[in-house]
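Sequences listed follow chains S and A, in order. Last residue of the first sequence? That's 209 in this note's numbering, and every number before it is there in order. Last residue of the second sequence? That's 758 in this note's numbering, and every number before it is there in order.
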Amino acid sequence: MADHAVAHAVHDPNIGNTGLDNRKMGMWAFLGSDCMFFGSLIGTYLAYKGKSISGPLPHQVFDIPLTSYSAALLLASSLTMVLALAALQRNRVKVAARWLFVTALMGAHFVLNQVYEFTTFVLHDGLTLSTSLFGSTFFVLTGFHGAHVTGGVIWLLILVGLAMRGQLDARDYTKVEIAGLYWHFVDIVWIAIFTIIYLIP
Amino acid sequence: MATQAAFMPGAKVETLTFWGTVASWLTTVDHKRIGILYGSSAFIFFLVGGIEALIMRLQLARPDNTLVGAERFNELFTMHGTTMIFLAVMPLSAAFFNYMIPLMIGARDVAFPRLNALSYWIFLSGALFLNSSWLFGLAPDGGWFGYANLTTSQFSPRHTIDFWMFGLQILGISSMLAGFNFLVTIINMRAPGMTLMRMPVFIWMSFVTQFLLVLAFPAITVALILLMFDRFFGTLFYAPAAGADPLLWQHLFWIFGHPEVYILILPAMGIVSEVLPTFARKPLFGAPVVIYSGIMIGFFGFGVWSHHMFSVGMGPVADAAFSVSTMLIAVPTGVKILNWIGTLWGGSIRFRTPLYFALGFIAMFTMGGLSGIMHASPPVDLQQTDSYFVVAHFHYVLFGGSIFGLFGGIYYWWPKITGKMLDERLGLWHFWLMMIGFNVTFFPQHYLGLIGMPRRIYTYAGDLGWNFWNLVSTIGAFLIAVSLLFFIVNAFRSLRSGAVASNDPWDGRTLEWAIPSPPPVYNFARVPLVQDRDDFWLQKYGDGHGAAPRPKPAPVTAAEIAAIHMPSASHWPIVLAIALAVMISGLLISMYQVIVGGLATLYLMYKFAVELHRPPAGHGH
Numbered sequence: 009m010a011d012h013a014v015a016h017a018v019h020d021p022n023i024g025n026t027g028l029d030n031r032k033m034g035m036w037a038f039l040g041s042d043c044m045f046f047g048s049l050i051g052t053y054l055a056y057k058g059k060s061i062s063g064p065l066p067h068q069v070f071d072i073p074l075t076s077y078s079a080a081l082l083l084a085s086s087l088t089m090v091l092a093l094a095a096l097q098r099n100r101v102k103v104a105a106r107w108l109f110v111t112a113l114m115g116a117h118f119v120l121n122q123v124y125e126f127t128t129f130v131l132h133d134g135l136t137l138s139t140s141l142f143g144s145t146f147f148v149l150t151g152f153h154g155a156h157v158t159g160g161v162i163w164l165l166i167l168v169g170l171a172m173r174g175q176l177d178a179r180d181y182t183k184v185e186i187a188g189l190y191w192h193f194v195d196i197v198w199i200a201i202f203t204i205i206y207l208i209p
Numbered sequence: 138m139a140t141q142a143a144f145m146p147g148a149k150v151e152t153l154t155f156w157g158t159v160a161s162w163l164t165t166v167d168h169k170r171i172g173i174l175y176g177s178s179a180f181i182f183f184l185v186g187g188i189e190a191l192i193m194r195l196q197l198a199r200p201d202n203t204l205v206g207a208e209r210f211n212e213l214f215t216m217h218g219t220t221m222i223f224l225a226v227m228p229l230s231a232a233f234f235n236y237m238i239p240l241m242i243g244a245r246d247v248a249f250p251r252l253n254a255l256s257y258w259i260f261l262s263g264a265l266f267l268n269s270s271w272l273f274g275l276a277p278d279g280g281w282f283g284y285a286n287l288t289t290s291q292f293s294p295r296h297t298i299d300f301w302m303f304g305l306q307i308l309g310i311s312s313m314l315a316g317f318n319f320l321v322t323i324i325n326m327r328a329p330g331m332t333l334m335r336m337p338v339f340i341w342m343s344f345v346t347q348f349l350l351v352l353a354f355p356a357i358t359v360a361l362i363l364l365m366f367d368r369f370f371g372t373l374f375y376a377p378a379a380g381a382d383p384l385l386w387q388h389l390f391w392i393f394g395h396p397e398v399y400i401l402i403l404p405a406m407g408i409v410s411e412v413l414p415t416f417a418r419k420p421l422f423g424a425p426v427v428i429y430s431g432i433m434i435g436f437f438g439f440g441v442w443s444h445h446m447f448s449v450g451m452g453p454v455a456d457a458a459f460s461v462s463t464m465l466i467a468v469p470t471g472v473k474i475l476n477w478i479g480t481l482w483g484g485s486i487r488f489r490t491p492l493y494f495a496l497g498f499i500a501m502f503t504m505g506g507l508s509g510i511m512h513a514s515p516p517v518d519l520q521q522t523d524s525y526f527v528v529a530h531f532h533y534v535l536f537g538g539s540i541f542g543l544f545g546g547i548y549y550w551w552p553k554i555t556g557k558m559l560d561e562r563l564g565l566w567h568f569w570l571m572m573i574g575f576n577v578t579f580f581p582q583h584y585l586g587l588i589g590m591p592r593r594i595y596t597y598a599g600d601l602g603w604n605f606w607n608l609v610s611t612i613g614a615f616l617i618a619v620s621l622l623f624f625i626v627n628a629f630r631s632l633r634s635g636a637v638a639s640n641d642p643w644d645g646r647t648l649e650w651a652i653p654s655p656p657p658v659y660n661f662a663r664v665p666l667v668q669d670r671d672d673f674w675l676q677k678y679g680d681g682h683g684a685a686p687r688p689k690p691a692p693v694t695a696a697e698i699a700a701i702h703m704p705s706a707s708h709w710p711i712v713l714a715i716a717l718a719v720m721i722s723g724l725l726i727s728m729y730q731v732i733v734g735g736l737a738t739l740y741l742m743y744k745f746a747v748e749l750h751r752p753p754a755g756h757g758h
């Protein structure tokens, strides 16, 4: 008993009795909750689909090639995220930092494309938050996704900053893996949003 | 670092200055202290909500009364409902989650101690923000379920709804953070041998509650975000003139709102499932079935929300489906009631205050459940909805159920938490007065509802036949208030001069009774090795089928205690919670405040996140 207690006191406090990391499990719980968040927003979009009584309609404003490019960027950034993680695991901190930075750049590019898209809708097509139900549901749903990507970009840049100050190495694998879980989730949500809003007529 | 050292295991007890003590509470990450903070805040808000109820009952005591006007009455019932649900019952349950979950699963703390502190400070800032509306004469007045489009700026142009909307949003963040924390704690922090089916039933019910919290709150978060966009940025989500569906809010709200009902009742069911076996000196009858029933309730809880909306005319198919699912959910609930009664059957029952409250819970909750099955039938519901019958029903489940159960928990665990016993005689005065006062208040409301008294009216004419029973109901409400005075006196007397509690005053069955009262900061000097459900009971008495009691373990050595590492105190949780409150309250004051608060929140999140990343040597980790 005594040996056991001492062993318990010195082993990694983040690993629980299932052998999984607390922080990783916490992130999974958050992502489950976030599924319900996006589920409610997407449900609202679908409930109001085709109910607008004025204003431009989706197919009149969407620039599918541009958005497809954005989607491809975000999907590709999941690959660079994995490469960053793989490099960190082998303690190649500089390579990992580079891939993290590339991931953040692609995310930032995605957000900038969204800013451009929103601006075009407002200035060119006259579609705003208060034009129609389509405007309201579209901007709020995609805007919250964009906010998630922005949060992810800030997170990735913080990791890059830590790596540059020499405070990130193979010991921090789990921390980067958790950021990756979040990043992949935001990606997957985009696949759903892209399909439901842009691709299904 | 004197403040921390005093709470580090093995350190000599130092005398703290007054401000040192305050600082140690503000920066604490100890789940037990956070539990006490939750419990005492919740009790104060329970009294605030109770005073709101008393004013309403005074106004309704006689016909054509003019104590408060219609508008003040709207504010009172809105704030009473919101306060009791979000600031009294939920945080009182959270107090037990905080204090008892680590003790009952044999852990030294929760999975994320600093996040736990953050949950509490966000809860407190949200609660103070919501109640500060009274000071500005802008108390929310849209009802606790705030139906849009009544709450859009067209019909509620003042800031009243904003206080409600942002207050709930802040409280939601707190609840979800706590939910993630306890989910991970229960899955991952159990002592060796504490398999899932060996977990105490209170832990199981808490576990189901955390799932409901993290999965149901996003729906109201979204509903409130859409409302915020409608009120502040001109979107059209709740604008029927633009083609919006007037039922959108109702669906989103009740997808949250019905699981919320189980968030309020499941912890109390868990407490009762601990109290009954202890005082009947028998294992919980059919414990696995009680656990499965709790899981079923949690699962079905997501499939019954539209029974709150029968009167909006959803059509026969939806009405039938939700009617059936609502009647189905009564089955696991009935199973539990049977099992609780089965636990008492043939037990050697000791009648102490916690048991009285647990029995009160079973009786009152069953009555509330029976009236609930009545409105599961749409035609019956159409007669009863928005009448005092419904008011009676939900007070039987939420007061007769949750509050009685939670008071049972307070009486049961008070000796463990404070190290002092509560007075039995005062406890029984509290129980009987509350039991009688509760029934005098709410039973007549069934009848008032059936003879046509609508809920939420601020006064009524004298010739409707409602006068007598309204007066009776008001008298009952004051009986409840008097009963609470007995509790308050009892609590203060116990803290000042109560009998000292032993480690195991009730001859308990679960792990928390194996350690000192109050527990040391590290809870368990040695992490226990669990071999069975009711492990502590079996340690003491054997299994009753021939297995001998286990030998007492060797005394704990000072070296063992010195080897325990506990997390250090942190000031980031409270600072971050304040920044968040500054940001959100800025939406009512100035955009500059939002921006400054938002940047501060981001920066402090960063500081919070990296606090334990590469701590300098000697930091305690």
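Glycine residues also receive a C-beta, built at the ideal position from the N, C-alpha and C atoms. Model, not experiment: these values are computed from the prediction.
Open item on the list: Tell me the rounded alpha-carbon separation between isoleucine 711/A and tryptophan 156/A.
Closed with: Between isoleucine 711/A and tryptophan 156/A, the C-alpha separation is close to 16 Å.
Open item on the list: Less than 9 Å between the C-beta atoms of serine 539/A and alanine 628/A, yes or no?
Closed with: In this structure, alanine 628/A does not lie closer than 9 Å to serine 539/A by Cβ.
Task: Spatially closest choice to valine 528/A from Pro515/A, Lys689/A and Gly505/A, by CA coordinates - done: The option with the nearest alpha carbon to valine 528/A is Gly505/A.
Task: Contacting residues, own chain, Cβ-Cβ under 7 Å from alanine 638/A (five flanking each side not counted) - done: So the qualifying residues of the chain are Pro552, Gly556, Lys557, Met558 and Ser654.
Task: Reference alanine 112/S, options Thr145/S, Ala200/S, Leu165/S and Ser60/S, closest by Cα - done: Looking from the CA of alanine 112/S, the closest CA among Thr145/S, Ala200/S, Leu165/S and Ser60/S belongs to Leu165/S.
Open item on the list: If the criterion is Cβ atoms closer than 9 Å, does the pair threonine 346/A and isoleucine 400/A meet it?
Closed with: In this structure, threonine 346/A places its C-beta atom within 9 Å of the C-beta atom of isoleucine 400/A.
- [ ] Using a Cβ-Cβ cut-off of 9 Å, state whether arginine 31/S counts as contacting chain A.
- [x] Interface residue, yes.
TODO: Check each candidate in Leu563/A, Thr415/A and Gly635/A and name the one with the smallest Cα separation from glycine 484/A.
DONE: Comparing alpha carbon positions, the residue from Leu563/A, Thr415/A and Gly635/A closest to glycine 484/A is Thr415/A.
- [ ] Give a yes or no on whether the minimum CB-CB distance between arginine 194/A and chain S is below 9 Å.
- [x] Chain S, which has no Cβ nearer than 9 Å to the Cβ of arginine 194/A, makes this no.
Open item on the list: Nearest by alpha-carbon distance to glutamate 561/A: which of Thr372/A, Pro581/A, Asp641/A and Val626/A is it?
Closed with: The residue from Thr372/A, Pro581/A, Asp641/A and Val626/A with its alpha-carbon nearest to that of glutamate 561/A is Val626/A.
- [ ] From the DSSP output, in three-state form, read off serine 76/S for me.
- [x] Looking at serine 76/S - three-state DSSP - the assignment turns out to be helix.
TODO: Taking only runs that begin and end inside the region 420-501 of chain A, name each unbroken alpha helix (DSSP H) of 4 or more residues, in chain order.
DONE: Listed in chain order, the alpha helix (DSSP H) runs fully inside the region 420-501 of chain A are 424-437 and 453-481, counting runs of at least 4 residues.
- [ ] Note down the Cα distance separating leucine 632/A from phenylalanine 183/A, rounded to an integer number of angstroms.
- [x] A direct Cα-Cα distance of roughly 20 Å separates leucine 632/A from phenylalanine 183/A.
TODO: Please list the partners that asparagine 99/S has in chain A, where partner means a Cβ-to-Cβ separation under 8 Å.
DONE: Neighbours of asparagine 99/S on chain A: none; closest Cβ ~16 Å, over 8 Å.
Task: Delimiting residues of the alpha helix (DSSP H) encompassing threonine 772/A - done: Here chain A has residues from 138 to 758 only, and residue 772/A is not among them.
Open item on the list: Would tyrosine 743/A pass as an interface residue toward chain S - the criterion being a Cβ-Cβ separation below 9 Å?
Closed with: By this cut-off, tyrosine 743/A is an interface position.
Open item on the list: Per the DSSP calculation, aspartate 177/S is bridged to which residue(s)?
Closed with: Under DSSP, aspartate 177/S shares a beta bridge with no residue.
- [ ] Check each candidate in Leu213/A, Ala685/A, Tyr284/A and Gly274/A and name the one with the smallest Cα separation from valine 449/A.
- [x] Distance check between valine 449/A and each of Leu213/A, Ala685/A, Tyr284/A and Gly274/A places Tyr284/A closest, using alpha-carbon atoms only.
Task: Cβ pair tryptophan 674/A, arginine 489/A closer than 9 Å - done: No, they are not a contact pair.
Open item on the list: Relative to the C-alpha of glycine 509/A, which candidate in Val534/A, Ser524/A, Ala495/A and Arg487/A has its C-alpha closest?
Closed with: The shortest Cα separation from glycine 509/A among Val534/A, Ser524/A, Ala495/A and Arg487/A belongs to Val534/A.
Open item on the list: List, in chain order, every chain S residue whose beta-carbon is nearer than 7 Å to that of threonine 372/A.
Closed with: By Cβ distance, chain S contributes Leu137, Ser138, Ser144 and Val148.
- [ ] Can you give me the Cβ contacts of alanine 187/S inside the same chain, cut-off strictly under 7 Å, excluding the 5 residues immediately before and after it?
- [x] The beta carbon of alanine 187/S is closer than 7 Å to those of Trp163, Leu164 and Leu167 in its chain, skipping five residues each way along the sequence.
Task: Residue closest to proline 337/A, alpha-carbon to alpha-carbon, out of Thr647/A, Tyr743/A and Leu749/A - done: Sorting Thr647/A, Tyr743/A and Leu749/A by C-alpha distance to the C-alpha of proline 337/A places Thr647/A at the top.
- [ ] Could you confirm whether any beta carbon from chain D is found closer than 9 Å to the beta carbon of glutamine 122/S?
- [x] Judged by its chain identifiers, the structure shown contains no chain D, and its protein chains are S and A.
Task: Where aspartate 29/S sits in the DSSP three-state scheme - done: Aspartate 29/S: strand per DSSP, three-state reduction.
- [ ] Specify the secondary structure class of lysine 169/A as computed by DSSP and reduced to three states.
- [x] Under the three-state reduction of DSSP output, lysine 169/A falls in the helix class.
Open item on the list: Against valine 185/A, what residues of chain S qualify as contacts under a CB-to-CB distance less than 8 Å, listed in chain order?
Closed with: None at all; the shortest Cβ gap to chain S is about 30 Å.
Open item on the list: Per the DSSP calculation, lysine 557/A is bridged to which residue(s)?
Closed with: Val637/A, per the DSSP bridge assignment.
Task: Counted within 10 angstroms of its Cβ, other Cβ atoms place leucine 261/A as buried (16 or more) or exposed - done: The C-beta of leucine 261/A has 16 or more other C-beta atoms within 10 Å across all chains shown, which makes the residue buried.
Open item on the list: Let me see if you follow: with CB-CB separation under 9 Å, is alanine 13/S close to chain A or not?
Closed with: With a pLDDT of 42 at alanine 13/S, under the threshold of 50, the predicted position of this residue should be treated as unreliable, though the coordinate-derived value follows. It does: the Cβ of alanine 13/S has a partner Cβ on chain A nearer than 9 Å.
TODO: Classify aspartate 523/A as buried or exposed, calling it buried when 16 or more other Cβ atoms lie within 10 Å of its own Cβ.
DONE: So aspartate 523/A counts as exposed.
TODO: List the residues of chain A whose Cβ lies closer than 7 Å to the Cβ of isoleucine 61/S, in chain order.
DONE: Isoleucine 61/S reaches chain A at Ala379 and Gly380, counting residues in chain order whose Cβ is nearer than 7 Å.
Task: Under 7 Å by beta carbon: chain S residues contacting histidine 168/A - done: Neighbours of histidine 168/A on chain S: none; closest Cβ ~14 Å, over 7 Å.
Open item on the list: Please report the distance separating the alpha-carbon of arginine 317/A from that of alanine 95/S.
Closed with: Reading off the sequence, residue 317/A comes out as phenylalanine, not arginine. Approximately 30 Å between the Cα atoms of the pair.
TODO: Taking only the alpha-carbon atoms, compute the straight-line gap between phenylalanine 348/A and serine 293/A and give it to the nearest angstrom.
DONE: C-alpha separation (whole angstroms): 34 Å.
Task: Partner residues on chain A for serine 48/S, Cβ-Cβ distance less than 7 Å - done: Going along chain A in sequence order, the residues near serine 48/S (Cβ under 7 Å) are Pro355, Ala356, Val359 and Leu389.
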